[in-house]
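**Student:**
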Amino acid sequence: MSTQLFVTVNSDSARMSAMIDKVIDVLKVTVPVVHVGNIEKIEDVKAAVQKEQPDIIFTGSEWTDEQAQEMNALAKSVKADIKTVNIPYGLGTQGPEAVAAFLHERVASLYSP
């Protein structure tokens with residue numbers, strides 16, 4: 002499988018940066034991934050997806066379901082086949098391991114036959 006590019010949507014770039022290495026370590030078991038950027042604001046999703054052309058978009062646990070769905074719709078309006086994973090609201094408070102485990106499970110289900 003080819004390397005999958007992903008973007009994250011999290012208003013706290015420093016916090017997201019601290020978590021990315023852990024997430025990549027867990028995900029690379031399932032699929033090779035490269036983080037190509039973090040988007041801090043909902044209104045920047047469309048432009049970032051257009052520029053980076055990621056295969057997957059992860060919305061952070063700070064966003065409500067409604068906000069995550071809005072970001073997914075914006076991303077899909079630019080790249081219809083983008084895969085979307087919404088980290089459940091508040092999961093980030095349980096630490097990077099909890100988020101990484103959730104993402105591993107979700108990404109595995111996206112790429113299972």
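Numbering (the working numbering), first residue to last: 2 to 114. Think of the CB as a built atom: it goes at the ideal place given N, C-alpha and C, for glycine as much as any other residue. This structure is a prediction, so every number in the text was calculated from the model and none was measured.
1) If the criterion is Cβ atoms closer than 8 Å, does the pair Ala69 and Thr60 meet it?
2) Could you check the C-alpha separation between Thr9 and Glu106 for me, to the nearest Å?
3) Considering Gln5, what are the terminal residues of the beta strand (DSSP E) in which it resides?
4) Tell me the DSSP bridge mates of Lys77?
5) For Thr65 versus Ala76, is the C-beta distance shorter than 8 Å?
6) Examine the Cβ distances between the segment 33-43 and the segment 10-17 and report whether three or more of them are shorter than 8 Å.
7) From the DSSP output, in three-state form, read off Lys47 for me.
8) Taking C-beta to C-beta, are Val50 and Val79 nearer than 8 Å?
9) Report the rounded CA-to-CA distance for Ala1 versus Glu53, giving the unit in angstroms.
10) For a test of the three-state rule: what should DSSP assign to Val32, helix, strand or coil?
11) Reducing DSSP to helix, strand and coil, say where Lys42 ends up.
**Tutor:** Taking the geometry as given:
1) Yes.
2) Taking the CA atoms as reference points, Thr9 sits about 17 Å from Glu106.
3) Residues 5-10.
4) As computed with DSSP, Lys77 is found in no beta bridge at all.
5) Not in contact: Thr65 and Ala76 (Cβ atoms no closer than 8 Å).
6) Yes: at least three Cβ pairs fall under 8 Å.
7) Correct three-state label for Lys47: helix.
8) In this structure, Val79 lies closer than 8 Å to Val50 by Cβ.
9) The shown model of the chain, from 2 to 114, leaves out residue 1, and the question about it has no answer.
10) Looking at Val32 - three-state DSSP - the assignment turns out to be coil, as it is neither helix nor strand.
11) Residue state, collapsed to three classes: coil.
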